[in-house]
Amino acid sequence: METMMNTIGELALVGAGPVVVVAPEEMEAAGQKENALEFAAPKASFVAFATDQPTTEYTTEADVCQGIWIPTFDEIEAIIAGAAQRRIESAFSEVQDTRARIERERMAREMALQTCQSRLNETKTALAKLGDERTSMEQRARAFLGGEELKTLLEKIHIAFNARQLQMETTLSATEAEVAESTTEAQAASVSDSLELQLLEQELERLELAAPDVAENVRLVATAVDNLSAARQAIEEGLLRDAVVLIEQAKAGQADPSLVAEVEQVLAEAQQAKLARHLIARITANPDQPGALRRIHQLMEEAQHAGVEDKVKVFADRALETARDAANARFAQARPIADHLVSEGFVPVVGDGRIEAWMPVARNGHGEVWSLDRILTLRGREEWITETPRNPITRRELPLRVRHSRWYRAAVENPAG
5 METMMNTIGE LALVGAGPVV VVAPEEMEAA GQKENALEFA APKASFVAFA
55 TDQPTTEYTT EADVCQGIWI PTFDEIEAII AGAAQRRIES AFSEVQDTRA
105 RIERERMARE MALQTCQSRL NETKTALAKL GDERTSMEQR ARAFLGGEEL
155 KTLLEKIHIA FNARQLQMET TLSATEAEVA ESTTEAQAAS VSDSLELQLL
205 EQELERLELA APDVAENVRL VATAVDNLSA ARQAIEEGLL RDAVVLIEQA
255 KAGQADPSLV AEVEQVLAEA QQAKLARHLI ARITANPDQP GALRRIHQLM
305 EEAQHAGVED KVKVFADRAL ETARDAANAR FAQARPIADH LVSEGFVPVV
355 GDGRIEAWMP VARNGHGEVW SLDRILTLRG REEWITETPR NPITRRELPL
405 RVRHSRWYRA AVENPAG
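Here it is as structure tokens:
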């Protein structure tokens with residue numbers, strides 16, 4: 005009891021408030037719920053009195069809250085986006101630098117290993133030739149020396165070549181050990197570098213998944229120059245669509261406008277050259293066929309609109325000359341056929357490899373109409389095929405191309421003929 009009173013006195017000095025003392029005999033005699041609660045409450049008061057109470061006061065009054073700056077969600081998103089961009093840029097740069105460093109170290113190891121293997125091959129070759137050199141020297145000694153002098157010299161040759169062989173075998177052994185060690189180090193470094201790069205890429209992937217839009221912008225900015233270089237390469241290889249995509253990615257990555265303009269100029273020239281080649285191929289294809297004249301003129305108009313007329317004109321002139329000669333030859337074949345149709349009462353219209361035969365038809369006292377009776381088409385070089393329209397084709401007035409026909413004009417000027 006005396007000990008408890010001392011503890012209560014010490015706690016009372018720390019903080020203010022009422023103190024309730026519970027005697028042990030009261031706890032032993034109390035079996036009801038109320039006495040247990042009376043015991044628990046003072047115990048909690050002892051702990052509370054032993055700590056400093058907070059003094060900060062909060063308020064929700066409207067007048068007071070109006071003076072507090074409340075951040076907007078856009079501002080919060082901007083802060084997060086800025087932090088994400090910094091983290092992703094740092095991670096991306098670290099991945100790129102690590103990849104470049106690993107590549108440099110790999111190339112250095114490969115060069116060192118190639119040097120060791122070259123020395124190893126040279127030593128093996130020299131060691132393999134050592135026996136032939138020894139034999140050759142002994143033969144030359146026997147050719148010019150004899151007796152004791154030859155014996156002495158052969159002993160010297162034997163000693164010198166044995167020493168040389170021992171030296172080369174020692175060098176060969178050391179070089180083989182160096183090659184084996186370099187190979188082992190290269191394999192271990194390759195595994196270590198792969199793990200290091202994998203961990204960095206996993207961290208970068210985690211950050212990119214958390215902010216994919218920011219990650220895309222960072223990649224575009226970081227690869228802008230590479231995209232322009234790839235666009236140039238694609239243009240040289242004729243992959244113009246891929247070049248367009250790469251240039252757009254470089255623009256999105258805020259590449260140097262002057263560099264972008266330069267690559268776009270190269271692309272425009274390549275596109276014009278490709279269009280010119282395409283038009284030339286179409287112009288020079290079968291210029292002696294019917295309809296080639298019209299087709300060539302249409303393609304020349306297309307080339308003029310595209311600004312590649314100067315590149316196409318030389319080929320077009322040659323094709324036009326061939327087409328005109330072929331068209332004149334076809335017209336020479338069609339003219340006697342048209343004259344024959346005129347004698348039968350038709351009005352022929354001669355086109356390029358095609359003859360239409362029109363004739364007037366009376367319609368039960370309702371005047372006269374014109375009907376397309378037959379069509380002759382040139383197949384091959386000299387064969388004319390006659391076809392009849394499946395359904396009657398009639399016109400109250402002749403089409404303009406018929407009225408422009410020389411045989412129609414001759415019939416109008418000389419009806420009796």
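Numbering (my numbering), first residue to last: 5 to 421.
Every residue gets a Cβ at the ideal spot worked out from N, C-alpha and C, and that includes glycine.
inquiry  = Pop quiz: PHE2 and ARG223 are said to be a contact at Cβ under 8 angstroms. What is the actual Cβ separation, rounded to whole angstroms?
reply    = No information on residue 2 is available, as it lies outside the stretch 5 to 421 that the chain covers here.
task = Check whether the Cβ atoms of ALA145 and LEU131 lie closer than 7 angstroms to each other.
result = Looking up residue 145 in the sequence shown gives position 141. Looking up residue 131 in the sequence shown gives position 127. ALA145 is not a Cβ neighbour of LEU131, given a cutoff of 7 angstroms.
request  = Tell me whether the beta-carbon of LEU117 lies closer than 7 angstroms to the beta-carbon of SER186.
outcome  = Counting from one through the sequence shown, the residue named residue 117 turns up at place 113. Counting from one through the sequence shown, the residue named residue 186 turns up at place 182. For LEU117 and SER186, yes; Cβs fall inside 7 angstroms.
request  = Please classify MET304: is it buried, with 16 or more other beta-carbons within 10 angstroms of its beta-carbon, or exposed?
outcome  = Locating residue 304 in the sequence shown gives position 300, counting from the first residue. Burial call: buried.
message = Closest to LEU213 by C-alpha separation, out of GLN89, ILE83, THR381, THR127, would be which residue?
response = For the purposes of this step, residue 213 is taken as the residue at position 209 of the sequence shown. Considering only alpha carbons, the answer is GLN89.
message = Restricting to runs no shorter than 3 residues, where is the beta strand (DSSP E) found entirely within the stretch 213–297?
response = With a minimum length of 3 residues, no continuous beta strand (DSSP E) run stays inside the stretch 213–297.
inquiry  = Let me make sure I understand the geometry here. Which of ARG334, PRO364, GLN258 has the alpha-carbon closest to that of VAL354?
reply    = The count along the sequence shown starts at 1 and reaches residue 354 at position 350. Nearest C-alpha to VAL354: ARG334.
ask   = Considering THR381, what are the terminal residues of the alpha helix (DSSP H) in which it resides?
value = Taking the first residue of the sequence shown as position 1, residue 381 is located at position 377. That residue, THR381, is in no alpha helix (DSSP H); its beta strand (DSSP E) goes 372–383.
ask   = Can you list, in chain order, the residues of its chain whose CB lies under 8 angstroms from that of GLN276, leaving out five sequence neighbours each side?
value = Along the sequence shown, read from residue 1 onward, the residue named residue 276 stands at position 272. Counting only Cβ-Cβ distances below 8 angstroms, and skipping sequence neighbours, we find ALA310, GLY311, VAL312, LYS315.
task = Consult DSSP for TRP411 and reduce its assignment to one of helix, strand or coil.
result = Position 407 of the sequence shown holds residue 411. Helix.
N-terminal and C-terminal residue of the alpha helix (DSSP H) that VAL318 is part of = Mapped onto the sequence shown, residue 318 falls at position 314. Element bounds for VAL318: 313–347.
query = Roughly how many angstroms lie between the CA atoms of LEU380 and ILE359, to the nearest whole one?
reply = For the purposes of this step, residue 380 is identified with residue 376 of the sequence shown, where counting begins at 1. For the purposes of this step, residue 359 is identified with residue 355 of the sequence shown, where counting begins at 1. Roughly 5 angstroms between the two C-alpha positions.
query = Any chance the stretch 227–239 sits against the stretch 195–207, with 3 or more Cβ pairs inside 8 angstroms?
reply = Short answer: they don't touch.
ask   = So what's ARG405 in DSSP terms, helix, strand or just coil?
value = Residue 405 sits at position 401 when you count from the first residue of the sequence shown. Looking at ARG405 - three-state DSSP - the assignment turns out to be helix.
key: Nearest candidate by alpha-carbon position, reference ARG405, set PRO396, ARG383, ALA361   = Start at 1 with the first residue of the sequence shown, and residue 405 comes out as number 401. Cα-wise, what sits closest to ARG405 is ALA361.
request  = Just mark ILE84 as buried or exposed, buried being the case when its beta carbon has 16 or more other beta carbons within 10 Å.
outcome  = Here residue 84 corresponds to residue number 80 of the sequence shown, with the count starting at 1. Classification of ILE84: exposed, given that the 10 Å Cβ count is below 16.
task = Go ahead and label PRO396 buried or exposed: buried means 16 or more other beta carbons lie within 10 angstroms of its beta carbon, across all protein chains shown.
result = Numbered from 1 along the sequence shown, position 392 holds the residue referred to as residue 396. It counts as exposed.
Backbone secondary structure at GLU391 - three-state DSSP = In the sequence shown, residue 391 corresponds to position 387, counting from 1. GLU391: strand per DSSP, three-state reduction.
task = Within its chain, find whatever has a CB closer than 7 angstroms to the CB of TRP411; leave out the 5 residues flanking it on each side and keep chain order.
result = The residue you call residue 411 lines up with position 407 of the sequence shown. Hits under 7 angstroms: ALA342, VAL346, VAL351, PRO352.
Buried versus exposed call for ALA87 [16 or more other C-beta atoms within 10 Å across all chains shown] = Start at 1 with the first residue of the sequence shown, and residue 87 comes out as number 83. Under this definition ALA87 is an exposed residue.
inquiry  = Would LEU271 and ALA307 qualify as a contact pair, given that the criterion is a beta-carbon distance under 7 angstroms?
reply    = Position 267 of the sequence shown, counting from 1, holds the residue named residue 271. Position 303 of the sequence shown, counting from 1, holds the residue named residue 307. Cβ atoms of LEU271 and ALA307: not closer than 7 angstroms.
Rounded Cβ spacing between ASN231 and GLN253 (contact assumed at less than 8 angstroms) = As a first step, residue 231 must be located in the sequence shown, where it is residue number 227. As a first step, residue 253 must be located in the sequence shown, where it is residue number 249. Here ASN231 really is in contact with GLN253; their C-beta atoms are around 5 angstroms apart, less than 8 angstroms.
query = Among SER177, GLU159, VAL218, GLU182, which has the Cα closest to the Cα of ARG91?
reply = Here residue 91 refers to the residue found at position 87 when the sequence shown is read from its first residue. Relative to the Cα of ARG91, the nearest Cα in the group SER177, GLU159, VAL218, GLU182 belongs to VAL218.
Anticipated Cβ contact below 8 angstroms, PRO428 with ALA323, distance rounded = Because residue 428 is not part of the residues shown, which for the chain are 5 to 421, the question remains open.
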